[in-house]
Ligand SMILES: Cc1ncc(COP(=O)(O)O)c(C=O)c1O
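Here is the structure:
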């Protein structure tokens with residue numbers, strides 16, 4: 009093995025060895041299931057003590073970079089981009105994420121913003137919500153400002169059960185947990201279920217907010233490649249066997265960022281695997297209402313063994329600043345999830361919960377949903393037409409079944425971060441694909457969102473994007489990725 013040790017450094021030798029093995033994997037000199045040299049052989053080769061190699065191998069195994077086979081030795085675990093190896097320099101990726109958020113706020117006024125997945129404030133149903141708040145205040149007076157049950161306002165939990173019946177999900181109010189937004193739901197599930205060093209499976213790519221949450225718990229994040237009909241289930245089973253994850257995080261419809269949706273067959277496989285390997289599935293249904301072809305059932309609707317935690321955000325259809333969402337929690341997790349919620353913020357704002365209950369019961373939610381769906385559908389159709397007309401050859405896109413996101417793929421040897429910087433200067437905001445991976449991989453894809461662009465902006469923006477792509481692909485030949 010081509011390992012060079014520098015004995016003048018403060019870094020212990022075993023860390024130098026482990027780091028160089030990681031580098032060899034990263035640079036493709038070592039591959040999945042390759043065997044590492046026997047301890048004695050490597051210690052002789054490097055003129056170090058056996059214990060140094062044992063410590064290096066142990067470190068690699070603890071980090072999930074390698075796996076051990078009893079009586080045989082250490083082998084390379086799946087590639088870094090499929091895993092969580094420290095070499096992924098996730099901190100780097102996280103900084104990108106924060107930079108990107110702040111650039112979204114700081115961007116010049118005339119930027120066409122295909123980056124944000126949050127609707128513009130002019131679509132928010134302020135008048136109806138104001139009426140709901142006033143009604144609660146007139147009815148409950150000071151009571152409106154008291155603490156709520158940690159689980160949530162009981163009348164709202166009952167309304168939510170009625171609402172979920174239209175998605176074929178039958179839940180009892182006692183299984184509903186109100187949360188202050190889906191992001192908090194992720195955090196609460198991580199707190200209730202995961203301990204330091206536990207493994208969690210995420211799709212690759214996935215929602216970057218989920219990566220940030222899991223990372224904050226110090227859990228091992230294992231990525232499984234996302235395909236157009238759901239994750240690679242063969243790979244998933246292999247990873248489950250190897251890492252014994254307690255949880256898998258998934259978006260079964262119109263996944264963020266790809267827009268891909270699971271086939272029924274893959275949904276059934278997920279449930280089977282969860283049952284066989286004693287794993288929970290956290291299903292983030294952030295745009296289930298926005299399916300434009302036909303309504304598709306969430307995983308929770310076919311969850312006969314109570315393995316699915318269903319997570320719902322209202323941010324894409326209602327108002328993100330309400331900080332309101334809910335989960336439907338398997339009975340076995342009910343208490344621990346409620347405890348985690350209580351430890352986090354005692355309860356979600358009583359006034360907002362009560363107002364939303366009135367809003368739901370009076371049919372305003374349904375009205376808002378119909379209104380938003382019409383707007384998004386019209387943008388969606390226009391977007392498909394414009395992408396079809398203006399994307400140059402070699403740039404592909406996927407037609408999602410609904411939602412607000414489009415996943416655009418440059419030729420395989422291109423880095424979308426480079427293109428993101430290029431079009432950013434031309435005042436078009438997009439999100440580069442690397443942001444949605446845990447490991448610090450380069451991605452040739454980028455995400456476009458229609459949440460905050462007008463139809464006029466879609467027309468001018470996509471036409472311009474097509475032109476910039478053509479210029480970029482012909483001029484910027486130097487920015488070719490070295491490894492595909
Ligand atoms: C997939 C996904 N899940 C969860 C969230 C967080 O939603 P909330 O605003 O309800 O916290 C978002 C927000 O962008 C999202 O895209």
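Numbering (the working numbering), first residue to last: 9 to 492.
C-beta: ideal position from N, C-alpha, C; glycine also.
Is it buried or exposed for residue i, if we count other Cβ within 10 angstroms and need 16 for buried?
| i | result |
| --- | --- |
| residue 402 | exposed |
| residue 433 | exposed |
| residue 108 | In this predicted model, residue 108 has a pLDDT of only 46, less than 50, meaning its place in the structure is not dependable; the value taken from the coordinates is given anyway. It counts as buried. |
| residue 134 | exposed |
| residue 361 | buried |
| residue 130 | exposed |
| residue 334 | buried |
| residue 20 | exposed |
| residue 414 | buried |
| residue 92 | For residue 92, the predicted model reports a pLDDT of 40, less than 50, meaning its position is unreliable and no value from the coordinates is stated. |
| residue 17 | exposed |
| residue 274 | buried |
| residue 386 | exposed |
| residue 78 | exposed |
| residue 493 | Because the chain in this structure spans residues 9 to 492, residue 493 falls outside the shown range and cannot be described. |
| residue 379 | exposed |
| residue 34 | buried |
| residue 14 | exposed |
| residue 10 | exposed |
| residue 227 | buried |
| residue 288 | buried |
| residue 297 | buried |
| residue 46 | exposed |
| residue 219 | buried |
| residue 142 | exposed |
| residue 127 | buried |
Let me check one thing: in DSSP terms, what residues is residue i bridge-paired to?
| i | result |
| --- | --- |
| residue 559 | One cannot answer for residue 559 here, as it falls past the ends of the chain, which runs 9 to 492. |
| residue 234 | 239 |
| residue 185 | 335 |
| residue 210 | 231 and 257 |
| residue 414 | 456 |
| residue 76 | 82 |
| residue 43 | 83 |
| residue 299 | 410 |
| residue 316 | 289 |
| residue 120 | 436 |
| residue 405 | 416 |
Measure the Cβ-Cβ separation of residue i and residue j and say whether it is below 8 Å.
| i | j | result |
| --- | --- | --- |
| residue 120 | residue 465 | yes |
| residue 340 | residue 314 | yes |
| residue 438 | residue 454 | yes |
| residue 26 | residue 250 | no |
| residue 241 | residue 212 | no |
| residue 202 | residue 225 | yes |
| residue 187 | residue 210 | no |
| residue 449 | residue 318 | no |
| residue 252 | residue 207 | yes |
| residue 441 | residue 262 | no |
| residue 493 | residue 160 | With the chain covering only 9 through 492, there is no way to say anything about residue 493. |
| residue 190 | residue 270 | no |
| residue 417 | residue 158 | no |
| residue 43 | residue 83 | yes |
| residue 156 | residue 355 | yes |
| residue 364 | residue 164 | yes |
| residue 248 | residue 281 | yes |
| residue 307 | residue 278 | yes |
| residue 367 | residue 136 | yes |
| residue 175 | residue 305 | yes |
| residue 348 | residue 125 | no |
| residue 422 | residue 452 | yes |
| residue 444 | residue 214 | yes |
| residue 183 | residue 342 | yes |
| residue 409 | residue 301 | yes |
| residue 172 | residue 179 | yes |
| residue 405 | residue 395 | yes |
| residue 259 | residue 292 | yes |
| residue 399 | residue 469 | no |
| residue 359 | residue 152 | yes |
| residue 457 | residue 123 | yes |
Does ligand 3 have a heavy atom nearer than 7 Å to the CB of residue i?
| i | result |
| --- | --- |
| residue 305 | With respect to small molecules bound, the structure shown includes ligand 1 and not ligand 3. |
Please write down, chain order preserved, every residue whose beta carbon lies under 6 Å from a heavy atom of ligand 1. Going along the chain, the residues that qualify are 125, 189, 190, 191, 215, 217, 259, 264, 292, 294, 321, 323, 328 and 333.
Taking the runs of the beta strand (DSSP E) that are 3 residues or longer, which of them lie wholly in the segment 321-395? Look at the segment 321-395 and you find these whole runs of beta strand (DSSP E), each 3 residues long or longer: 333-336.
Which complete alpha helix (DSSP H) runs does the segment 140-192 hold, if anything under 4 residues is left out? 162-173
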